[in-house]
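Chains as they are written, first to last, in the numbering used here: chain A, 214 to 366; chain B, 39 to 189.
Just so it is clear, CB atoms sit at the ideal spot from N, CA and C, and this is done for glycine as well.
Being a predicted model, the structure only gives us computed values, none of them experimental.
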């Protein structure tokens, strides 16, 4: 009579608790994975947008420039593009961002910031026209020819 | 109040217990199996999303590489802009790492126009996670001759 009134045996409870524990563990891992995936995707999209904006602007500036110079000493991490006309475009690396400043003579006419952590600049003139490279994290680099189309037409 | 009295009149603990019992072990196990099936589906969706993200990253890498290679091609002297010469341009380390079995195809053709020009076509393809070579990334540019090379 007493046995009939008993609810569950210890084994049954252990089975249920084990299954419930497994389920809770799986749920928490899945939810954490969802949040992580969402965060990674959001950061990735923001970085891709900045990278696309930067590469279009950088290539346009380098194509139009007559020459490019790399900063030395205190100005290390700086790229200066001369031209066209009296225009100077300066790219500087700051912590986790790149700043672009366009000036005509002494007057600053444009200033922009990109949320990218650049690692440096490079000017290469192995064969043909000089190529300026922006080196970004994860081995990403953006190359552009200085003064594109200068000889043509 | 009436219900309580009725239950007391029945006088059976067994009936009362069955009426107030929550779930049986079998019910709980069925519920858990269903929940696990739902979680497995969610896991598959997450894995699918990760695969799509990887494919998007690979295409973005190919687009960047195509842009960089084209810049190197355009920087070359006019006479060196030939298919055989451009084929020698190496792929970057990040491209070789990110795009398995990546292949670049160049095709340079002279344009029949008033100004001397060359059409440079570039295509990059690679192997995806299923081992298939998908749609290549294509880029076309025109390079006009240097002044001295113009007719």
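CA-CA distance, residue 138/B to residue 179/B, rounds to 26 Å.
Around residue 294/A, the same chain offers 274, 278, 281 and 302 as residues with beta carbons nearer than 6 Å, after the five sequence neighbours per side are excluded. In this structure residue 267/A is buried. Its beta-carbon is surrounded by 16 or more other beta-carbon atoms within 10 angstroms.
Around the beta carbon of residue 226/A, a 10 Å sphere encloses fewer than 16 other beta carbons of the protein chains shown; the residue is thus reported as exposed.
Following the DSSP letters along the chain, one finds residue 256/A inside the alpha helix (DSSP H) bounded by residues 223 to 277. Residue-level contact check: residue 236/A touches chain B, since one or more beta carbons of chain B fall below 8 Å from its beta carbon. By the Cβ neighbour-count rule, residue 230/A is exposed, with fewer than 16 other Cβ atoms within 10 Å of its own. Every beta strand (DSSP E) stretch that sits fully inside the segment 283 to 307 of chain A and reaches 3 residues is listed by chain position as 291 to 295 and 300 to 307. Cβ-Cβ separation between residue 81/B and residue 243/A: approximately 7 Å, consistent with a contact (criterion under 8 Å). By the Cβ test, the segment 340 to 347 of chain A is in contact with the segment 111 to 131 of chain B, since at least three Cβ pairs between them sit closer than 8 Å. Taking a C-beta cut-off of 9 Å against chain B, the contacting residues of the segment 341 to 362 of chain A are 341, 342, 343, 344, 346, 351, 352, 353, 354, 355, 356, 357, 358, 359, 361 and 362, listed in chain order. According to DSSP, residue 160/B shares a beta bridge with 144/B and 177/B. With respect to residue 336/A, residue 283/A sits close: the two C-beta atoms are nearer than 8 Å.
For the segment 305 to 324 of chain A, the set of residues with a beta-carbon nearer than 7 Å to any beta-carbon of chain B is empty. Taking a beta-carbon distance threshold of 8 Å, residue 221/A counts as an interface residue toward chain B. Residue 140/B is outside the set of residues whose beta carbon lies under 8 Å from a beta carbon in chain A. Taking 7 Å as the upper bound on Cβ-Cβ separation, chain B lies near no residue of the segment 275 to 286 of chain A. Of the candidates 317/A, 285/A and 309/A, the residue whose Cα lies closest to the Cα of residue 326/A is 309/A. Rounded to whole angstroms, residue 286/A and residue 83/B show a C-alpha spacing of 52 Å. For residue 261/A, the nearest beta carbon of chain B is closer than 8 Å to its own beta carbon. Taking the C-beta atoms as reference points, residue 271/A is found nearer than 8 Å to residue 347/A.
Under the 8 Å criterion on CB atoms, residue 302/A is classed as non-interfacial with respect to chain B. Using a Cβ-Cβ distance cut-off of 8 Å, the segment 119 to 136 of chain B and the segment 81 to 101 of chain B are in contact, since at least three pairs of beta carbons, one from each stretch, lie closer than that value. When beta bridges are read from the DSSP output, residue 347/A appears opposite 334/A and 355/A.
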